[in-house]
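Undergrad: Numbering-wise (the working numbering), the sequence shown opens with residue 41 and increments by one.
I am attaching a structure below and will ask some questions about it afterwards.
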Amino acid sequence: FAGFKAVGEGVQKPLMYYNNNLIGTITLLEVMAAHGCKKLVFSSSATVYGWPKTVPCTEESPICAANPYGRTKLFIEEICRDVQRADSEWKIILLRYFNPVGAHPSGYIGEDPRGIPNNLMPFVQQVAVGRRPALTVFGTDYSTKDGTGVRDYIHVVDLADGHIAALAKLSDPSIGCEVYNLGTGKGTSVLEMVAAFEKASGKKIPLLMAGRRAGDAEVVYASTEKAERELKWKAKYGIEEMCRDQWN
Numbered sequence: 041f042a043g044f045k046a047v048g049e050g051v052q053k054p055l056m057y058y059n060n061n062l063i064g065t066i067t068l069l070e071v072m073a074a075h076g077c078k079k080l081v082f083s084s085s086a087t088v089y090g091w092p093k094t095v096p097c098t099e100e101s102p103i104c105a106a107n108p109y110g111r112t113k114l115f116i117e118e119i120c121r122d123v124q125r126a127d128s129e130w131k132i133i134l135l136r137y138f139n140p141v142g143a144h145p146s147g148y149i150g151e152d153p154r155g156i157p158n159n160l161m162p163f164v165q166q167v168a169v170g171r172r173p174a175l176t177v178f179g180t181d182y183s184t185k186d187g188t189g190v191r192d193y194i195h196v197v198d199l200a201d202g203h204i205a206a207l208a209k210l211s212d213p214s215i216g217c218e219v220y221n222l223g224t225g226k227g228t229s230v231l232e233m234v235a236a237f238e239k240a241s242g243k244k245i246p247l248l249m250a251g252r253r254a255g256d257a258e259v260v261y262a263s264t265e266k267a268e269r270e271l272k273w274k275a276k277y278g279i280e281e282m283c284r285d286q287w288n
């Protein structure tokens, strides 16, 4: 699982994040080793890429996490590599999630944060149902098609399918410690995502335009060629389906 995952909170409470995410994973690895369970699919994150100078991000792109949350993921990736190098019985797959959104179409599994959301879509949804007066858009002067930040949003069902593909790959005897991006390979701006949600929900989302937020990258999206080639996996859902399932 992601562990603690609020980027802003991690900046304010780094020791809490390192203790939970980093130390917790080390403890898990120790317990797994003690019981002879040496297969792991780890939830990493695109935050390990920091502020990429070129996109799309491939698994070979430079990694330079820009905040404590991202660094916990980066450090855990390195720990997993060290563990596997020391003991070849380990088979580990590191999945770098981009921006998961949406819900299971049944409506039984989704996201409704009790506190302040950490991601765009819960904010949008809370505005749509009247829990917040407006959506604050941070940064309208980026070098993108509409001036707002661009991210790679992936439906949670596609993400789940990616895990199933990764589990199947663990049976490959050649696997040591491998990393795969899980995204759509497409960048979507904040305003494009808001427009798609308005269409799916029939609700108008009031916007409050604000300046850039410190630490936010301009454009981040994945190359999914490796996952498509080696895991035989590819995201199926577009932003329309993501917004529809998030709303319904």
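Each residue gets a CB set at the ideal place from its N, CA and C atoms; glycine is no exception.
Keep in mind the model is a prediction, meaning the values are calculated, not measured.
Going by the CB atoms, is the gap between Gly43 and Thr112 shorter than 9 Å?
TA: Contact: yes.
Undergrad: Tell me where the alpha helix (DSSP H) around Ile119 begins and ends.
TA: Counting along the chain, the alpha helix (DSSP H) containing Ile119 begins and ends at Pro108 to Ala126.
Undergrad: Exposed or buried, what is Gln52 when buried is set at 16 or more other beta-carbons lying within 10 Å of its beta-carbon?
TA: So Gln52 counts as exposed.
Undergrad: Do you know whose CA, among Ser183, Leu210, Gly179 and Gly76, lies nearest Gly251's CA?
TA: When each option's Cα is compared against that of Gly251, the closest is Gly179.
Undergrad: So is Ser146 buried or exposed if we call it buried at 16+ other beta carbons inside 10 Å?
TA: Answer is exposed; the Cβ neighbour count stays below 16.
Undergrad: Excluding the 5 residues preceding and the 5 following Asn59 in the sequence, name in chain order all residues of the same chain whose CB lies nearer than 7 Å to its CB.
TA: Closer than 7 Å at the Cβ level, and outside the excluded window around Asn59, lies no residue.
Undergrad: Starting from Lys79, follow the beta strand (DSSP E) in both directions and report where the run begins and ends.
TA: Its beta strand (DSSP E) spans residues Lys79 to Ser85.
Undergrad: With distances taken Cα to Cα, identify the nearest neighbour of Val164 among Tyr137, Ile194, Glu70 and Glu238.
TA: Checked all of Tyr137, Ile194, Glu70 and Glu238; the closest Cα to Val164 is Glu238.
Undergrad: Between the segment 135–146 and the segment 220–233, can you find at least three pairs of beta-carbon atoms closer than 8 Å?
TA: Counting Cβ pairs under 8 Å, three or more are found: they touch.
Undergrad: Would DSSP call Phe44 helix, strand or coil?
TA: Phe44: coil per DSSP, three-state reduction.
Undergrad: Taking the alpha carbon of Pro173 as the reference point, which residue from Glu100, Tyr261, Thr65 and Lys243 has its own alpha carbon closest?
TA: Of the candidates Glu100, Tyr261, Thr65 and Lys243, the one whose C-alpha sits nearest the C-alpha of Pro173 is Lys243.
Undergrad: If you reduce the DSSP assignment to three classes, tell me which class Thr228 lands in.
TA: Thr228: strand per DSSP, three-state reduction.
Undergrad: For His195, which option in Leu175, Met233 and Lys185 has the closest C-alpha, if you only look at C-alpha atoms?
TA: Nearest of Leu175, Met233 and Lys185 to His195, Cα basis: Met233.
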